[in-house]
Amino acid sequence: MSNRLPPAWAKHLKTQPSPKAAPLKAQSKAGPHRGNADDLLLRQALELQQAERLSEAEELCHRVLAHRSNHPLALYILGTLGLGFDDEKSLRYFARAVAEDPQNPYYHLSLGETYLKLSEFTPAIRHLQYALDLKPDLVEALCALGDAYNAFDKGEMALPLFEKALRVDRDHPIARLGLPRALASLGRMDEAAVRLREAIDRRIAVPNAYNALVRTRKFAEEPPELAAILTELQDPGHGPDGAAALHHAAGKLLNDLRRYKEAMDHFKKGNQAGGHTFDLQSYRRWIDGMIETFTPELVASRAAYGNPSEAPVFVVGMPRSGTTLTEQICASHPNVHGAGELSKLRRIANGLGVADRSNANLHQSIAMMTPDLTRTLAEEHLAYLRERAPDSLRIVDKMPHNFELIGLVGLLFPKARIIHCRRDAIDNCISCFVLQFNKAHSYSADLETLGLYYREYDRLMRHWDKVFPGRIFENRYETLIENQEEQSRRLIAYLGLPWDDACLRFFDRGGSVNTYSNWQVRQPIYTSSVKRWKNYESEIQPLIEALGDLAEV
Numbered sequence: 157m158s159n160r161l162p163p164a165w166a167k168h169l170k171t172q173p174s175p176k177a178a179p180l181k182a183q184s185k186a187g188p189h190r191g192n193a194d195d196l197l198l199r200q201a202l203e204l205q206q207a208e209r210l211s212e213a214e215e216l217c218h219r220v221l222a223h224r225s226n227h228p229l230a231l232y233i234l235g236t237l238g239l240g241f242d243d244e245k246s247l248r249y250f251a252r253a254v255a256e257d258p259q260n261p262y263y264h265l266s267l268g269e270t271y272l273k274l275s276e277f278t279p280a281i282r283h284l285q286y287a288l289d290l291k292p293d294l295v296e297a298l299c300a301l302g303d304a305y306n307a308f309d310k311g312e313m314a315l316p317l318f319e320k321a322l323r324v325d326r327d328h329p330i331a332r333l334g335l336p337r338a339l340a341s342l343g344r345m346d347e348a349a350v351r352l353r354e355a356i357d358r359r360i361a362v363p364n365a366y367n368a369l370v371r372t373r374k375f376a377e378e379p380p381e382l383a384a385i386l387t388e389l390q391d392p393g394h395g396p397d398g399a400a401a402l403h404h405a406a407g408k409l410l411n412d413l414r415r416y417k418e419a420m421d422h423f424k425k426g427n428q429a430g431g432h433t434f435d436l437q438s439y440r441r442w443i444d445g446m447i448e449t450f451t452p453e454l455v456a457s458r459a460a461y462g463n464p465s466e467a468p469v470f471v472v473g474m475p476r477s478g479t480t481l482t483e484q485i486c487a488s489h490p491n492v493h494g495a496g497e498l499s500k501l502r503r504i505a506n507g508l509g510v511a512d513r514s515n516a517n518l519h520q521s522i523a524m525m526t527p528d529l530t531r532t533l534a535e536e537h538l539a540y541l542r543e544r545a546p547d548s549l550r551i552v553d554k555m556p557h558n559f560e561l562i563g564l565v566g567l568l569f570p571k572a573r574i575i576h577c578r579r580d581a582i583d584n585c586i587s588c589f590v591l592q593f594n595k596a597h598s599y600s601a602d603l604e605t606l607g608l609y610y611r612e613y614d615r616l617m618r619h620w621d622k623v624f625p626g627r628i629f630e631n632r633y634e635t636l637i638e639n640q641e642e643q644s645r646r647l648i649a650y651l652g653l654p655w656d657d658a659c660l661r662f663f664d665r666g667g668s669v670n671t672y673s674n675w676q677v678r679q680p681i682y683t684s685s686v687k688r689w690k691n692y693e694s695e696i697q698p699l700i701e702a703l704g705d706l707a708e709v
C-alpha cells in the first residue's frame with residue numbers, strides 16, 4: 157500500500173492530531189467551523205489509510221467533497237488510495253488536486269509518478285520538473301525524474317538527478333538504489349556494483365541491494381556476498397518481501413556456481429515468501445472470451461477502421477522468451493527506434509473493458525468500437541509513439557504481455573508488424589520462476605500454475621495465428637541463438653527494411669535497457685540458456701507435468 161501524503165501534510169489541516177481517531181458521527185459535527193470538521197475527517201481518512209481500511213478512508217474523503225467539491229487535500233488523498241488498484245482513477249484525482257493547488261510540489265510529484273507508471277513520459281517529466289521548480293531539493297521528485305528519463309531512453313540525463321538526490325540525503329533508499337539502477341541500464345555494471353555495495357555497507361535497502369548486486373555480472377567463483385546473503389536471511393526484520401529478494405539473490409549466485417539443487421531451493425522459498433497467488437480459472441474464462449470474440453470474421457469486417465501506419469511494431473511473448481534481445485537487434489537498425497515496454501496498449505484495453513478478466517461481455521466492449529472511436533484511439537496511440545521517435549520508420553513496443561491484446565492491435569493498426577518471441581517451454585518457464593517478479597506476474601510463483609498458465613498463453617497465440625494468418629513473425633529463441641545472422645536478416649526483412657550490419661552488434665548499442673535482461677543484452681549471443689532446464693530436471697516435475705505435450709523433454 158503506497159502512502160504518498162507529503163511529510164508536512166498536517167500543515168494543510170487546522171486541527172491537531174488525536175491519539176485515537178474519533179467516531180465518525182462525532183467528527184462530522186466537530187468544531188464550530190466547517191473547515192475544522194473537514195480537517196478532522198481528512199485526518200481520520202489518513203489514519204484509516206495507514207491501517208489499510210481503504211474503503212472507509214475513501215468514504216470520509218467523499219463526505220468532504222460532498223459540500224466542497226474541489227477540496228485539494230481530499231482529492232489528493234483519494235488519489236493515493238487508488239495507487240496500485242486503479243491508477244487511472246488516481247491520475248484523475250491528482251490532476252484535480254494540482255488544478256486546485258498548483259503550487260503544491262507534492263501534488264505534482266504524485267501526478268508525475270502516476271503518469272510514469274502508465275508510460276506517459278512527457279507529462280510525467282513535465283510535472284516532476286514542476287515539482288522541482290517549486291521544491292528543488294525534493295528527493296522523491298529527483299529520483300522519479302531520473303526514472304522517467306531512464307525509461308524515456310535518456311539514461312545519461314538520469315544520473316545527475318540521482319547524484320543530486322544523494323547529496324541532499326545520502327541515505328535515502330530510493331536514491332541509493334536508483335543511481336545503480338540507472339548505471340546498470342546504461343551497461344555500466346561495475347559502477348553500479350560499487351554503488352550497491354555502498355548501500356549495503358550503509359545498511360540501506362539491504363535485500364534489494366543484494367538482489368541487484370548479484371545481477372551486475374556472472375560469478376565463476378563463490379563471492380563473499382553469498383555467505384553475507386545467507387546470514388541476512390536469518391534476520392526476520394527484513395519481512396516477507398526482503399526474504400523473497402534475498403532468496404532470489406542467493407539462488408542467482410548458486411545458479412552461477414552450478415549448485416543447481418541449492419539454487420532451486422532458494423528460488424522456491426523466494427516465491428513462497430512473496431505470497432503471490434493466481435486465479436487460473438478466471439484467466440481461462442477470459443482467454444475463452446477473447447477467442448470467442450476476436451474471430452477472423454470480426455477482424456476482417458473492421459479492417460478499414462484502423463490507422464494504416466506501418467510504424468508500430470509489437471514484440472510479444474512470454475516474459476524471458478527473448479523479447480529484449482529481439483528489440484535490441486531491431487533497434488540497432490538506423491531506421492528503428494526501440495521504445496521499451498510501454499503500457500499504452502493496455503490502457504486502451506482497460507478503457508474499453510477488453511483487459512478486464514471479470515468482463516463477461518467482451519463482445520459488447522468491442523461493439524462499442526465505432527469506426528470513429530477506432531480511428532481516434534489509433535491516432536492517439538500513433539502520436540504517443542511518434543513522440544519518442546518522430547523520424548523512425550519503425551517504433552518497437554516490446555511489452556511481452558501484449559500477446560493477450562493482438563486482436564486489439566489488429567483493429568487499431570491493420571498494417572502493424574507483430575513479432576512473437578517463442579522459446580523452449582520449460583526453459584521459458586524456468587527463466588520466469590527464478591526471478592522475483594511483482595504481483596502482476598503471480599502466475600510464475602508456483603511451478604504447476606506456471607505450466608498451466610503457459611498452456612493458456614500457447615492456446616491464445618495459436619488462435620491469433622488463425623485470425624492473422626501469415627502476419628505474425630515467430631522468432632524462435634533457439635533459432636536466433638543457432639544462427640544469429642540468418643534469423644536477424646529475416647527479422648529486418650519482416651520489418652520491410654534493408655539489411656544493416658549494425659544489427660549483428662546489438663550489444664554495442666547505446667541507450668537504456670530497463671529489464672532483467674540488461675546484463676545479457678550487453679553481451680554477444682551465447683548458448684548457455686538453451687536447455688538450461690536440464691540442470692533442474694529433478695526439481696521441476698510439477699512444471700513438466702503441467703506443460704504436458706508442450707514440454708520438449
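Quick note: the sequence shown uses the numbering used here, first residue 157, plus one each step. Think of the CB as a built atom: it goes at the ideal place given N, C-alpha and C, for glycine as much as any other residue.
CA-to-CA, the gap between Glu-354 and Ala-230 works out to about 40 Å.
Taking the Cα positions, Pro-363 is about 35 Å away from Arg-661.
Note that the C-beta distance between Phe-624 and Ser-465 is not below 8 Å. Scanning Pro-396, Leu-247 and Gly-478 for the CA closest to the CA of Gly-430 turns up Pro-396. If only complete runs of 4 or more residues are kept, the segment 242 to 319 shows the alpha helix (DSSP H) at 243 to 256, 261 to 273, 277 to 290 and 295 to 307, in order along the chain. Of the residues assessed, Arg-337 falls on the buried side of the cut-off, its CB having 16 or more other CB atoms within 10 angstroms.
Below 8 Å, too few C-beta pairs join the segment 606 to 617 and the segment 503 to 515 to call them touching: fewer than three.
Nearest neighbour of Asn-491 by Cα position, chosen from Val-469, Ser-477 and Gly-478, turns out to be Val-469. Excluding its 5 nearest sequence neighbours in each direction, Arg-645 has C-beta neighbours in its own chain below 7 Å: Trp-655, listed in chain order. Exposed is the label assigned to Ser-225, since fewer than 16 other Cβ atoms lie within 10 Å of its Cβ.
When secondary structure is reduced to three states using DSSP, Pro-546 falls in the coil class, being assigned neither helix nor strand. Secondary structure remark: continuous beta strand (DSSP E) runs of at least 3 residues inside the segment 472 to 550, in chain order: 492 to 494. Here Gln-206 is exposed, its C-beta having fewer than 16 other C-beta atoms within 10 Å. Taking C-alpha positions only, Val-686 is separated from Val-590 by approximately 15 Å. Rounded to the nearest whole angstrom, the CA to CA distance from Leu-409 to Leu-386 is 11 Å. For Phe-629, the beta-bridge partners assigned by DSSP are Ile-575. Between Ala-307 and Gly-445, the gap from beta carbon to beta carbon reaches 8 Å or more. Counting the other Cβ atoms within 10 Å of the Cβ of Asp-580 gives 16 or more, which makes it buried. For Lys-554, the number of other beta carbons within 10 angstroms of its own is at least 16, and it is reported as buried. In the structure shown, the three-state DSSP call for Pro-336 is helix. By the neighbour-count criterion, in which a residue is buried when 16 or more other Cβ atoms sit within 10 angstroms of its Cβ, Ala-365 is buried. Between Asn-367 and Ala-401, the C-beta spacing is below 8 Å. Excluding five sequence positions before and after Leu-561, the CB atoms of its chain that fall closer than 8 Å to its own CB belong to Leu-501, Arg-502, Ala-505, Val-510 and Ala-511, given in chain order. Between the beta-carbon of Ala-340 and that of Ala-348 there is about 4 Å, and that keeps the pair under the 8 Å contact cut. Phe-593 sits in coil when the DSSP states are folded into three classes, being neither helix nor strand.
Bounds of the alpha helix (DSSP H) holding Cys-217 are 210 to 223. In this structure, Ser-598 places its C-beta atom within 8 Å of the C-beta atom of Thr-433. Assigned with DSSP and collapsed to three states, Val-686 falls in coil, not helix or strand.
Per DSSP, His-422 is one residue of the alpha helix (DSSP H) stretching across 416 to 430.
Here Ser-694 is exposed. Its C-beta has fewer than 16 other C-beta atoms within 10 Å. Using a Cβ-Cβ distance cut-off of 8 Å, the segment 475 to 489 and the segment 630 to 642 are in contact, since at least three pairs of beta carbons, one from each stretch, lie closer than that value. With the rule of 3 Cβ pairs closer than 8 Å, the segment 469 to 480 does not count as touching the segment 533 to 546. Residue environment: Asn-517 is assigned as exposed (fewer than 16 neighbouring CB atoms within 10 Å of its CB, all protein chains considered). The C-alpha of Leu-636 is placed about 20 Å away from the C-alpha of Lys-690. Cβ atoms of Leu-333 and Leu-317 stay farther apart than 8 Å, at about 14 Å. Pairing Arg-373 with Asp-195, the inter-Cα distance amounts to about 52 Å.
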